[in-house]
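Those protein sequence lines, which keep their order, are chains A and B.
Under our numbering, think of the first position of the first sequence as 1, with each following residue one higher.
Under our numbering, think of the first position of the second sequence as 1, with each following residue one higher.
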Amino acid sequence: MTVATDLNPYQGRPSGDTAFARITNNVARIAEVPTPPKAWYIAFGIALILLAVFFGSIGWVFWTGIGAWGTQIPVAWAMPIVNFVFWVGIGHAGTLISAILYLFRQHWRTSINRFAEAMTIFAVMCAAIFPGIHIGRPWLPYWMFPIPNQMEVWPQFRSPLEWDVFAVGTYATVSILFWYMGMIPDLATFRDRSTSKIRRIAYGLFAMGWRGSSRQWHRYERAYLLLAALATPLVLSVHSVVSFDMATSQIPGWHTTIFPPYFVAGAVFGGFGMVVTLAVPARQFFGLKHIITLDHIEVMNKIILATGMLVGYSYAMEFFIAWYSASPWEIFTFYNRAFGPVWWIAWTTYICNVVFPQIFWWKKLRRNVWATFVVGVFVNVGMWFERFMIIPSSLTRDFLPSSWGYFLPNKIDYLTLGGSFGLFFTLFLLFCRYLPMVAMAEVKGIQPSAHAHPEEH
Amino acid sequence: MSDKQTDAKKSTGEAAKTEPDAPKDGAGTSKGGAGGTPLHGLIAEYETPGALLSASKKVRDAGFKNWDTYTPFPVHGIDGAMGIKPTVLPWIVLGAGLTGLATGILLQWWTNTYDYPYLTSGKPMWSLPAHVPVMFELMVLFSAITALVAMLALNGLPEYSHPLDLKKYFARATDDRFFLVIQASDPRFAEDETWKLLEGTHPTAVDRLEEDRVTPANMPRPLVFGLVLVVLGALVPFALIARARVSTSEKPRIHIIPDMDFQEKFKSQRMNPVFEDKRAMRPELEGTVAVGALEDDDHLYRGKLGDEWAREFPAQIPISDSTMKRGQQEFGVFCAPCHGQVGHGDGMVNERAVELAQGTWVPASDVTQEYLRKQPVGELFNTITHGIRNMPPYGPQISPEDRWAIVLYVRALQRSRGATIQDVPEADRGSLK
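Shown next, in the form of C-alpha cells:
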C-alpha cells in the first residue's frame, strides 16, 4: 500500500489555520477528490470480482441445491455456519470500540470508531447472508419471523436458533442506527463543503438539516449515550446467543458452559484483528496518520494481546474440563481435536491466536505497523480456523462411531467464503470513498483547543 | 458553487466587521431579500469555543429565551452557559424499553403458549428463562429505535431549510466556527440593543439574519405527486393479500416456488396414456410369483390336506413350549382385545360394543365352545387367515408360523376349559389344593 505521494491526493499536510479546520480537511478531502488514486480502483476492481464470485457461487448453490457445497451428514452445520460465526464475531470489535469504550470515556476511540462501526455493519451483512443460504431454500427464511402465515404456526421461541434471529437482527439494526446517528454531524459537514448539487442533495438528505445547534447537540449527546449504553449489553448478548446455538445441544465439544464468554472474547479478539488489518493500510493510504496515530495502534495491540490470552485460557480450560468431566465422549472429542485426522486445524488455531499475539509484550513491536498488520492477518486466519475447529470437527465424530464422518470444504465452499470478502471490501471501499471515515465532530471535541475555558474580557 | 464557498470562507468575519452599519446584506449574503424581508434575528460569529461560552453566559443572563448557538462539535459546558434544561429523552427511551419488554413477553406467550402451544419434552408451557433472550433483544431494539427517532423529533429534524442556510459563512458552523443567534421573536429582542449586546461579547462579526423568503415553502409538486404514488403503490400488495385472506377461489394456489410439489412421475391409481389400459399401476404378469411368495405347501399355508381341513399341525411347526409361548403372546396382541385373555369372548372391545348396544355388533365368539373344540386345526388356521363374520383377516398381519402358534394356544385354552384334575401333571397337582 505504499503509494508515492505525488500519485496520491490524500497525502500531505491538510490545509487549515485551526486544528478544527485541519481535521475537517484531512477527513473530507478523502471523499472530495474528484478521482481517487489508481490503487483504490485496483482494490475496488478486485473486490467487485470477488463479489461476483460470491453471488455466482450462491446462485450455483441455489440452482443445484446445497449439495454443491461439501456439506454432508453428519456435518449439516458446515462452512456457511463457520462463516456466519466468523463474520458476526468480526463485528464485535466495532461495537466494543464505539459503545463500551465510549462508556469508559476512552477518548482515543474517536479516531477509529466510525471506521470500526462501518466494519461492524459490513461484517454483520456478510454474516446475515449465511444462515439464510445455509438452509438451501432461500424462499423460506420468513419462517424465522413471527408473522401470520398460511400454516398457522409460529416460530418456536425456546430455540436458540430463534434467539439468534432476534439477537443478530437487533444487533444489525442497532449498529446501523448507531453508525448513522454518529455520522449525522459529519454528513452535515460534507453537505456544507459540497461543491456540486448532487453531493449537496445526497449528503443534505441524510444530514437531515443538522446545523450544529447546541440545543440539538444536547439531545444528540444524550441519545448517543443511551445508544452506547444499550449497545453494550447487546453486543455481549449477541455472541452469547450465537454460542447457545452450539452450547444448548448435546454434541461433545459443543455442550459447554464456557461458550458464551469464550465466544465473546474470541469475537472481540478477532474483531480487533480485523480493525488493525484495515486500519494500518488505510491510515497510510488515506493520509490519516495524524488522526489514527501509533498510539492508537499500540492501544489496539494491547487489547489484542489481552483478548488473545483470554481466548488461550478458554482453549486450555476446554481441555481441562474435558479431562475433569471424566466423560469419555468429551475426552475423546478433545483428544480427536488435537491429535485426530484434522489436528492441523486445531494447531493452526492455537498458534495463530495464542502464540503470535505474544510478540506484543514488546513495545517496539506494538508500535510497528508491519508487525501489527501481520499479526492482525494471523488473528483473522486463526479465528476462522477456531470456528472451523469447533463447528464441523465436533460434528464429525460424536457418540456413535457408526455415524462418524469427515469434513473438508470443497471448491464451492471456498468460493463462497472468498466471495464474502468481496462483499465486505466492496462496501468498505465505497464507505472510504463516499462517507466520513473518521468521526470529525468527535475528534474535534477532544482537541486541546476545544477545552478552552470561557474567556473573560 | 465552489467559488461561493470560498467566498464565504474568506469574507466571513472581515466583511461583517467592516460594515456594521450596513448589515442588511452583509457577509456575502447574495440570496438575501431586499430591505422588506422581515428579520429572523441577529447572528454573531466567534473563533473559539471559549469566546462562545462567555458570550452565551451574557445572553443567558440578559434573559433571552429564543436563542441558540451553533458549533461544529458539542462544546463542553455550553449546556450550563446557555441554561439548557436536561432533555426528557431518557424517559421516552425508558418507556420504549418497557414497551419492548412487554412486547417480548406478550409475543412469546401469545404465540407459543396460547395460540399455538408448543409442548416441548414435558416442560411447562410458559417458562421464563428460555424466553429472556428475545425479551431482552426486543427491549434493546425498541429503545434504540426510539432513542434516534425521539432525538430527531425533539430536535425538530429533519429541517431542510432555515434562514441560516442563506448565509454562506454559516457553512463553517460544521467546520471550525462558532455562532450565536438571537431570534427576533424573543420578547426581549430589540434590534439595536441586541446588536450592542452581541458586539459586547467580542465576536469576530455580527450580522442581520433575514427570514427565508427565497426557498419555496412547499415541496415541488411533481415530487409530492410521485411520493404519494409510491406510497399508494406500496399498499397494493397488502390490499391484495388482505382481499385474498377473506375470499375464496376455485383456482389452484399460486406456486411461485415449485419445491418438489410437482414431479414428473405417474402416481398410483392415476392414468398413464402410455399403456393400452391407461393404468399407471401395472398388473403383475400372469404366473408371476414374488420371491418367497410361492407358498406351495397347502398344509402350512392354507391348513389343508387335499380337500380336507388338516387335523394335524404341519411338520414345520414344532409342538413345544416355545411355540406355545409365542402363540400366547400373539393371541394377547391380536385376539385378546375381542376374544378376551382366556378366549371367552369377553375382550374389552367386545364388552364396550355390547355396552353401547348399537345393534350392529356380532359378539366375538367364545373360542372354547364345543363346536370350535371339534374343529380341525386347519379350519381354525383358515379362520384366522381369512376372518369370519365381522372378524377381519389376519393373514396379512401375522406370519403363517405365528398363526399356527396361535392355533396351538387356542387348543390349550379349549382344553383348559372344563379340564379335570387328571389333566394336570401329577407333580403339580399338590399346588392346586
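Backbone N, C-alpha and C fix where the C-beta goes; we use that ideal spot for every residue, glycine too.
With a threshold of 16 other CB atoms inside 10 Å of the CB of residue i, please say whether the residue is buried or exposed.
i	result
L42(B)	buried
P38(B)	exposed
Y220(A)	buried
A4(A)	Only weak support exists for where A4(A) lies, its pLDDT of 44 falling under 50; the value from the coordinates is given anyway. Counting Cβ neighbours within 10 Å, A4(A) comes out exposed, since fewer than 16 surround it.
T120(A)	buried
V224(B)	exposed
G287(B)	exposed
T256(A)	buried
A360(B)	A quick correction: the sequence has Thr, not Ala, at residue 360(B). With fewer than 16 other Cβ atoms within 10 Å, it is exposed.
I421(B)	exposed
R13(A)	exposed
E137(B)	buried
Y371(B)	exposed
V443(A)	buried
F262(B)	exposed
V93(B)	buried
L106(B)	exposed
Do residue i and residue j have their CB atoms nearer than 8 Å?
i	j	result
A265(A)	L310(A)	yes
Y102(A)	A228(A)	yes
T174(B)	D192(A)	yes
P49(B)	A450(A)	yes
M389(A)	T349(A)	yes
I30(A)	M440(A)	no
Q108(B)	F378(A)	no
F470(A)	W329(A)	Outside the shown range of chain A, which is 1 to 457, sits residue 470(A), and nothing can be said about it.
D192(B)	A21(A)	no
L148(B)	L177(A)	yes
W67(B)	D186(B)	yes
A382(B)	P363(B)	In the sequence on display, residue 382(B) carries Asn and not Ala. Taking 8 Å as the Cβ cut-off, N382(B) and P363(B) do not qualify as a contacting pair.
P185(A)	G209(A)	no
C432(A)	F286(A)	yes
L427(A)	F122(A)	yes
Our contact map puts residue i next to residue j with C-beta atoms below 8 Å; I'd like the distance itself, whole angstroms only.
i	j	result
A128(A)	V174(A)	With a Cβ gap of about 14 Å, A128(A) and V174(A) do not count as contacting.
V181(B)	L141(B)	Contact flag wrong, Cβ pair sits at about 37 Å.
I297(A)	V369(A)	7 Å
M135(B)	G95(B)	Not a contact, Cβ separation roughly 16 Å.
A78(A)	F407(A)	6 Å
H239(A)	H92(A)	6 Å
F130(A)	M383(A)	Going by Cβ atoms, the distance from F130(A) to M383(A) rounds to 15 Å, so no, they are not a contact pair.
Y171(A)	V124(A)	6 Å
G97(B)	M139(B)	5 Å
G517(B)	A293(B)	Outside the displayed span of chain B (1 to 433) sits residue 517(B), for which this structure offers no information.
W143(A)	Y116(B)	Going by Cβ atoms, the distance from W143(A) to Y116(B) rounds to 13 Å, so no, they are not a contact pair.
L408(B)	I319(B)	7 Å
Roughly how many angstroms lie between the CA atoms of residue i and residue j, to the nearest whole one?
i	j	result
L166(B)	F179(B)	14 Å
P163(B)	A171(B)	12 Å
P448(A)	T69(B)	21 Å
A279(A)	I351(A)	23 Å
G226(B)	V236(B)	16 Å
G28(B)	E45(B)	Caution is warranted here: a pLDDT of 40 is assigned to G28(B), below 50, making its placement in the model unreliable, and no coordinate value can be reported.
A207(A)	V75(B)	20 Å
P129(B)	S249(A)	17 Å
S15(A)	T189(A)	16 Å
A62(B)	L232(B)	52 Å
W404(B)	I256(B)	57 Å
K289(A)	F356(A)	25 Å
F90(A)	S237(A)	Here residue 90(A) turns out to be Ile, not Phe, going by the sequence shown. Their Cα atoms are separated by approximately 15 Å.
H40(B)	L89(B)	28 Å
L471(A)	G445(A)	Missing from the structure shown is residue 471(A); chain A here goes from 1 to 457 and no further.
Y324(A)	T333(A)	14 Å
I384(B)	G343(B)	14 Å
G270(A)	I331(A)	27 Å
Would you list the residues sitting across from residue i in a DSSP beta bridge?
i	result
V75(A)	Q72(A)
M391(B)	I388(B)
M271(B)	R279(B)
L180(B)	A44(B) and T69(B)
Does the beta-carbon of residue i, which I'm using as the reference point, lie nearer than 7 Å to any heavy atom of the ligand ADP?
i	result
I133(A)	This structure lacks the ligand ADP, and indeed carries no ligand of any kind.
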